[in-house]
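Residue numbers (this note's numbering): 719 to 1099. By construction, the Cβ of each residue, glycine as well, lies at the ideal position given by its N, Cα and C atoms. Here the structure is a predicted model, which means the values were calculated and not measured.
What follows is the structure, encoded as structure tokens:
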């Protein structure tokens, strides 16, 4: 696709480096990671060595101090790998979990954790979702009570990406049950191995199979007061703040996946023959793929323009919500058509398009379901 006009040489060099990494170190091993159900730690450490895990973090901790556009490029290129589980493992670490520390951490907390996060030595997860609280963050029931100079956490978290792999968890809990959740929720830093904090079970998924997902249990988990992240009772707003970053990232990942699906499908239909000609010679097929290409191009333009606006300090909640709703649905439309045009081959386990179809389905669910995003847009129209 045509380059976006606001990309710098630094952005282009970064993208080229990512593509080489994906070609050399992801695609050759992705199937093995799918079978294992997780990404090897050494791969994440390698990403840290290459500077991929601290794109927008301070140089003082090993980061690159780049912008939201760089994050969009990162998410899109990981999506183009064709392995959604690999992509989301890295993106949860870089753009959904660790930003909570970057945004609200004290100088001591940042110095203690951020260098290892950027280096890929400590992998992060964010534990907000519960059996009765997903897009509805206000439904959180995990509780934290103050006991001397410690907080004691009790509760259950569900569908936590990097839940097994993680070393550092940012856990949302209710700290004031007398206030509504938007004023009584706090985020805590919980390290793996803390007594009472356990992985109840890894969860089996339809897609994203190389991404580990878990249920977490907190039973009388004692957290020192200096492990509170940000303001007490201010966690709801911290979660809402980072949702904007999370959702533009997921939109970019989804469009990367759509680009990859179109790429491999174009190769397939220009080679596959039926009724005496290639599938590409069928007007219905080439026009449908052309339509999907146009839609992906338009969605990418919205993502990149919104990233520029975010970097300029603009209020982009409506646009980010639109990106999440639009791209979550569009990637599934692209996958449907691409699998259809692969015929029976596309329904076989072990084919790239079959895996990508399964991986894409969650894009309309996770990080804010399409219906929730449309309501966010409606509030602002």
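Contact under 9 Å by Cβ, residue i with residue j
i	j	result
residue 792	residue 807	no
residue 1044	residue 969	yes
residue 724	residue 1026	yes
residue 887	residue 836	no
residue 936	residue 874	yes
residue 883	residue 759	yes
residue 673	residue 865	This structure does not reach residue 673, given that the chain is present from 719 up to 1099, and the question cannot be answered.
residue 740	residue 795	yes
residue 803	residue 924	no
residue 842	residue 885	yes
residue 861	residue 824	no
residue 1052	residue 997	no
residue 961	residue 1006	no
residue 1019	residue 1048	no
residue 870	residue 907	no
residue 1010	residue 976	yes
residue 891	residue 953	yes
Length of the line joining the Cα atoms of residue i and residue j
i	j	result
residue 1075	residue 1065	10 Å
residue 966	residue 831	25 Å
residue 777	residue 771	12 Å
residue 722	residue 790	12 Å
residue 850	residue 933	13 Å
residue 983	residue 822	44 Å
residue 729	residue 955	31 Å
residue 918	residue 785	37 Å
residue 826	residue 913	23 Å
residue 895	residue 889	17 Å
residue 1012	residue 1002	15 Å
residue 738	residue 1062	32 Å
residue 915	residue 868	15 Å
residue 1036	residue 1095	5 Å
residue 788	residue 878	26 Å
residue 1015	residue 856	35 Å
residue 735	residue 769	10 Å
residue 903	residue 753	38 Å
residue 800	residue 1008	20 Å
residue 1097	residue 1090	11 Å
residue 1068	residue 783	39 Å
residue 834	residue 766	9 Å
residue 971	residue 744	16 Å
residue 1030	residue 922	41 Å
residue 756	residue 920	11 Å
DSSP three-state assignment for residue i, whether helix, strand or coil
i	result
residue 836	helix
residue 1042	helix
residue 912	coil
residue 1106	Only positions 719 to 1099 of the chain appear in this structure, which leaves residue 1106 out of reach.
residue 974	helix
residue 1087	coil
residue 979	helix
residue 846	coil
residue 1061	helix
residue 1030	coil
residue 925	coil
residue 884	coil
residue 724	coil
residue 1099	coil
residue 897	coil
residue 1051	helix
residue 985	helix
residue 990	coil
For residue i, the residue or residues it bridges with in DSSP
i	result
residue 905	890 and 947
residue 872	861
residue 942	868
residue 1070	Per DSSP, none; premise fails for residue 1070.
residue 919	933
residue 879	931
residue 1017	Note: residue 1017 sits in no beta bridge, so no partner.
residue 952	903
residue 851	848
Enumerate, from N- to C-terminal direction, the unbroken alpha helix (DSSP H) stretches of 4 or more residues contained entirely within the segment 770-842. Taking only runs of at least 4 residues, the alpha helix (DSSP H) segments lying wholly in the segment 770-842 are 786-797, 802-809, 816-822 and 825-837.
Where are the alpha helix (DSSP H) runs, 4 residues long or more, that stay fully inside the segment 732-768, in chain order? Qualifying alpha helix (DSSP H) stretches, in chain order: 748-754 and 759-767.
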